[in-house]
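Residue numbers (our numbering): 10 to 220.
Glycine is no exception: its CB is placed at the ideal position from the N, C-alpha and C atoms.
Note that the structure is a prediction, hence the values are computed from the model and not measured.
Below you can see the structure in the form of structure tokens.
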């Protein structure tokens with residue numbers, strides 16, 4: 010029953026139906042890694058950064074007490090996401106580098122974990138104003154991502170590169186990357202990703218026309 014409720018809640022979140030996801034997850038009495046993560050996403054959507062951070066601190070504390078390295082690295086990654094959303098980019102980057110150390114030591118052959126972490130490194134360097142380093146890291150992210158079957162991972166890498174290239178004024182490459190990202194999000198059935206990508210493509214087209 011709880012599993013079914015959780016599944017419904019995650020599906021609602023994935024479909025962008027945040028109120029429905031909230032309704033489902035708050036009907037579950039017992040907190041788990043999954044409910045804490047989901048509640049954090051919902052709090053983020055509501056711009057309640059403090060609440061999102063608290064859920065993820067609880068998540069990370071549980072992972073530390075259980076010496077669960079898998080959940081520790083996820084907790085750090087999600088905490089970094091909260092800091093990034095609140096535009097605390099350096100703090101987010103420090104958390105991502107702590108996560109990177111766990112992955113390098115305990116999951117050295119996990120290409121998916123490496124690429125997801127590297128994406129955040131690259132995107133945060135972009136937000137910190139280090140465009141050339143960001144482009145290098147995101148290109149490396151894409152190379153790793155394409156070794157996996159995770160279409161959302163592919164899409165995020167292409168989207169990150171599109172944003173960096175738009176910032177550089179390389180409209181042709183930005184358009185190409187954005188188009189590839191859109192295809193990946195569509196294949197993955199990620200409606201939220203598709204909507205965000207269409208906004209980015211409108212920005213790219215607008216900047217292209219103004220040149």
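Measure the alpha-carbon distance for residue i versus residue j and round it to whole angstroms.
| i | j | result |
| --- | --- | --- |
| residue 171 | residue 197 | 19 Å |
| residue 16 | residue 160 | 20 Å |
| residue 58 | residue 121 | 27 Å |
| residue 127 | residue 155 | 13 Å |
| residue 25 | residue 45 | 18 Å |
| residue 62 | residue 133 | 18 Å |
| residue 75 | residue 41 | 13 Å |
| residue 47 | residue 19 | 7 Å |
Considering just the uninterrupted stretch of the alpha helix (DSSP H) at residue i, what are its terminal residues?
| i | result |
| --- | --- |
| residue 65 | 58-74 |
| residue 124 | 120-136 |
| residue 182 | 180-197 |
| residue 202 | 200-219 |
| residue 77 | It is not in any alpha helix (DSSP H) - residue 77 carries neither H nor E in the DSSP assignment. |
| residue 145 | 140-154 |
| residue 106 | 98-115 |
| residue 169 | 160-177 |
| residue 41 | No alpha helix (DSSP H) holds residue 41; DSSP gives it neither H nor E. |
Spatial neighbours of residue i within its chain, please: C-beta separation below 8 Å, excluding the five flanking residues on both sides.
| i | result |
| --- | --- |
| residue 176 | 135 and 140 |
| residue 93 | 101, 129, 132, 133 and 136 |
| residue 119 | 112 |
Excluding the five sequence neighbours on either side, which residues of its own chain have a C-beta within less than 7 Å of the C-beta of residue i, listed in chain order?
| i | result |
| --- | --- |
| residue 21 | 29, 30 and 33 |
| residue 78 | 111 and 115 |
| residue 190 | 164, 167, 168, 171 and 206 |
| residue 173 | 135, 140, 143, 144 and 147 |
| residue 192 | none |
| residue 81 | 69, 72, 73 and 111 |
Write down the C-beta distance between residue i and residue j rounded to the nearest angstrom, noting that I regard them as a contact closer than 8 Å.
| i | j | result |
| --- | --- | --- |
| residue 168 | residue 187 | 7 Å |
| residue 51 | residue 14 | That pair is no contact at about 14 Å. |
On a CA-only basis, which of the options is nearest residue i? Give me that one, please.
| i | options | result |
| --- | --- | --- |
| residue 180 | 153, 138 and 215 | 215 |
| residue 10 | 94, 27 and 39 | 39 |
| residue 49 | 194, 111 and 84 | 84 |
| residue 89 | 64, 144, 213 and 182 | 64 |
| residue 125 | 95, 103, 107 and 162 | 162 |
| residue 131 | 105, 67 and 182 | 105 |
| residue 203 | 194, 36 and 211 | 194 |
| residue 129 | 54, 101 and 152 | 101 |
| residue 23 | 209, 200, 210 and 212 | 200 |
| residue 91 | 43, 153 and 53 | 53 |
| residue 108 | 123, 178 and 96 | 123 |
Apart from the five residues on each side of it in sequence, which residues of its chain come closer than 6 Å, Cβ to Cβ, to residue i?
| i | result |
| --- | --- |
| residue 137 | 98 |
| residue 150 | 124, 127, 128, 131 and 166 |
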